[in-house]
Amino acid sequence: MYSYTKLNSNLGDIYVITNSGVLSNLILGTENFKEFRAKNKAAVLAQSGESLPVLNELKSYFDGDLKKFSYRLNLETGKKFQTSVWKELLKIPFGKLVTYKDIANKIGRPNSSRAVGNAVGANPLPIVIPCHRVVSKTGLGGYSCGINYKKKLLKHEGINYQDRFFN
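Each residue of the sequence shown is one higher than the one before, starting from 7 at the first, in the numbering used here.
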């Protein structure tokens, strides 16, 4: 059963969704959460402390003290290709950018940049699985939660994306 907790962050409201104690979704913004709730009516508000470890990690991230998350993740919601992309995203260091093409090459599918983009867009755990660190070779690319969230996350990590040139 899904349970959720809301975290107020400098990014806005973040909804932390767990399923049997494993992090399954992070949802940025109340409107996006309303869409999740419409599809998952059985989701209940988490009991006090149930989501505390992941909340502490998120707070540490936003305080600038955490560079890599260690909380248990549920990647079972994705298809095999998506899961391979998400696992590769977990390897991108804090404050670094890679392109969709870089990810395609790393997973051994060099002609699959567009499919990588689709998998990145389907990431159920933005921030924790750092899809905001993936850009197109000519600019920022997209972000499933909205491009303004991506810009704020990159700024938080000290990335001046406006000065970047991509090959």
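We treat Cβ as the ideally placed atom computed from N, Cα and C, and that holds for glycine.
From a predicted model like this one, the values you see are computed outputs, not experimental measurements.
For residue j and residue i, the rounded distance between their alpha carbons
i: residue 42; j: residue 111; result: 32 Å
i: residue 137; j: residue 64; result: 16 Å
i: residue 85; j: residue 71; result: 33 Å
i: residue 19; j: residue 117; result: 37 Å
i: residue 93; j: residue 145; result: 23 Å
i: residue 107; j: residue 35; result: 29 Å
i: residue 10; j: residue 75; result: 19 Å
i: residue 134; j: residue 120; result: 22 Å
i: residue 109; j: residue 97; result: 10 Å
i: residue 127; j: residue 87; result: 13 Å
i: residue 157; j: residue 114; result: 29 Å
i: residue 47; j: residue 40; result: 10 Å
Contact belief for residue i with residue j at Cβ below 8 Å, rounded distance in angstroms
i: residue 17; j: residue 155; result: 7 Å
i: residue 44; j: residue 8; result: Not quite, the Cβ-Cβ distance comes to about 13 Å (not below 8 Å), so this is no contact.
i: residue 52; j: residue 83; result: 19 Å between Cβ atoms; not a contact.
i: residue 95; j: residue 140; result: 7 Å
i: residue 22; j: residue 61; result: 6 Å
i: residue 15; j: residue 68; result: 5 Å
Limits of the beta strand (DSSP E) - the one that residue i falls within
i: residue 149; result: Careful: residue 149 lies outside any beta strand (DSSP E) and carries neither H nor E.
i: residue 25; result: 18 to 25
i: residue 10; result: 8 to 15
Buried versus exposed, by CB contacts within 10 Å (16 or more), residue i
i: residue 32; result: buried
i: residue 26; result: exposed
i: residue 159; result: buried
i: residue 38; result: buried
i: residue 30; result: buried
i: residue 147; result: buried
i: residue 123; result: buried
i: residue 173; result: Its pLDDT being 41, under 50, residue 173 is placed unreliably by the model, and the measurement read from it follows with that caveat. Its Cβ having fewer than 16 others within 10 Å, residue 173 is exposed.
i: residue 132; result: buried
i: residue 66; result: exposed
N- and C-terminal bounds of the alpha helix (DSSP H) containing residue i
i: residue 89; result: 86 to 95
i: residue 70; result: Element bounds for residue 70: n/a, residue is neither H nor E.
i: residue 36; result: 36 to 45
i: residue 124; result: 119 to 127
i: residue 165; result: It is not in any alpha helix (DSSP H) - residue 165 carries neither H nor E in the DSSP assignment.
i: residue 112; result: 106 to 112
heavy atom of the ligand FMN below 7 Å from residue i C-beta
i: residue 38; result: The ligand FMN is not part of this structure, which contains no ligands at all.
When the Cβ atoms of the stretch 158 to 169 are set against those of the stretch 95 to 115, are three or more pairs found closer than 8 Å?
Between the stretch 158 to 169 and the stretch 95 to 115, the count of C-beta pairs closer than 8 Å reaches three or more; the two stretches touch.
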